[in-house]
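I have placed the structure first, in the form of structure tokens, so that the comments after it can refer back to it.
Residue numbers (the numbering used here): -15 to 210.
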């Protein structure tokens, strides 16, 4: 299965190769000008995704699918949500746990593993920021359909948009050194992804949101609503 092979590559990259790089990128530590554009872009995308949910999330159970170093998790917990924060990389989960304020610890359950694990339970909403960007459209569609079957509200996620600029920059390796470059992102168009989601017999409607472009960070938000 393509999903499983990609999942293994992503785990190896984030857990074994570039966890220190991502720890610095998602902190307040000084970074290069190139990586600073990525940091700003990720902040803007996270803000957009959070804006799709109510400000008051008390009594809501939310999956942070691909929680990384925990920025989204912290924001969700601060709004009162009960957060299930999962990431394929145990190293990143460890960073997220250390960064979470103690006052919010009772609101978050961390897991290292697959975000599609049925054992994680049911949710009111799911956020998946840049955790599906390495997968083909059929795998994304099946993943969304799997999650939507256990979600009563909406799934907000991101993909790499189909732009020559994005893929040109990525293949040129200007973002990270060759030694810690991530698996290749796969670009998608909303129309093609919608067709793939329909073939996967997913419930609800897939709707494109806004694209965020900040230097070397380019990502497109979408959502599935019931």
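C-beta: ideal position from N, C-alpha, C; glycine also. If you're wondering where the values come from, they're calculated on a predicted model, not measured in any experiment.
Residues that residue i bridges to, as DSSP identifies them
| i | result |
| --- | --- |
| residue -2 | Note: residue -2 sits in no beta bridge, so no partner. |
| residue 120 | Bridge partners of residue 120: none, in fact. |
| residue 144 | 171 |
| residue 190 | 208 |
| residue 94 | 69 |
| residue 48 | 69, 111 |
| residue 139 | 110, 208 |
| residue 198 | 201 |
Assumed close pair residue i, residue j - CB separation to whole angstroms, cut-off 8 Å
| i | j | result |
| --- | --- | --- |
| residue 140 | residue 177 | Not really, about 14 Å apart at Cβ, beyond 8 Å. |
| residue 137 | residue 210 | 7 Å |
| residue 167 | residue -6 | 6 Å |
Closest by C-alpha distance to residue i, when choosing among the options
| i | options | result |
| --- | --- | --- |
| residue 202 | 190, 117, 180 | 117 |
| residue 4 | 198, 76, 18 | 76 |
| residue -2 | 169, 72, 40, 43 | 72 |
| residue 45 | 208, 183, 105 | 105 |
| residue 58 | 184, 74, 30, 36 | 30 |
| residue 229 | 74, 200, 39 | Outside the displayed range of the chain (-15 to 210) lies residue 229, so it cannot be described from this structure. |
| residue 54 | 35, 19, 7 | 7 |
| residue 207 | 17, 198, 32 | 32 |
| residue 78 | 60, 97, 62, 108 | 97 |
| residue 197 | 1, 39, 16, 20 | 20 |
| residue 35 | 179, 109, 173, 169 | 109 |
| residue 107 | -4, 56, 43, 121 | 43 |
Residue j beta carbon less than 8 Å from that of residue i
| i | j | result |
| --- | --- | --- |
| residue 70 | residue 95 | yes |
| residue 119 | residue -10 | yes |
| residue -14 | residue 123 | yes |
| residue 205 | residue 190 | no |
| residue 195 | residue 171 | no |
| residue 128 | residue 186 | yes |
| residue 184 | residue 126 | yes |
| residue 64 | residue 37 | no |
| residue 199 | residue 18 | yes |
Cβ-heavy atom distance, residue i to the ligand MG, below 7 Å
| i | result |
| --- | --- |
| residue 129 | With respect to the ligand MG, the structure offers nothing, as it holds no ligand at all. |
Below 8 Å, how does it come out for the region 130 to 138 and the region 78 to 85: are there three or more Cβ pairs, yes or no? In the pairwise beta carbon analysis, the region 130 to 138 is classified as not touching the region 78 to 85: fewer than three pairs are separated by under 8 Å.
I'd like to know if the region 88 to 99 and the region 14 to 31 are in contact, where contact means that at least 3 CB-CB pairs between them fall below 8 Å. Touching, no.
Check whether the region 45 to 57 touches the region 105 to 117, taking contact to mean three or more Cβ pairs, one atom from each stretch, closer than 8 Å. With a cut-off of 8 Å, the region 105 to 117 and the region 45 to 57 count as touching, because enough Cβ pairs lie within range.
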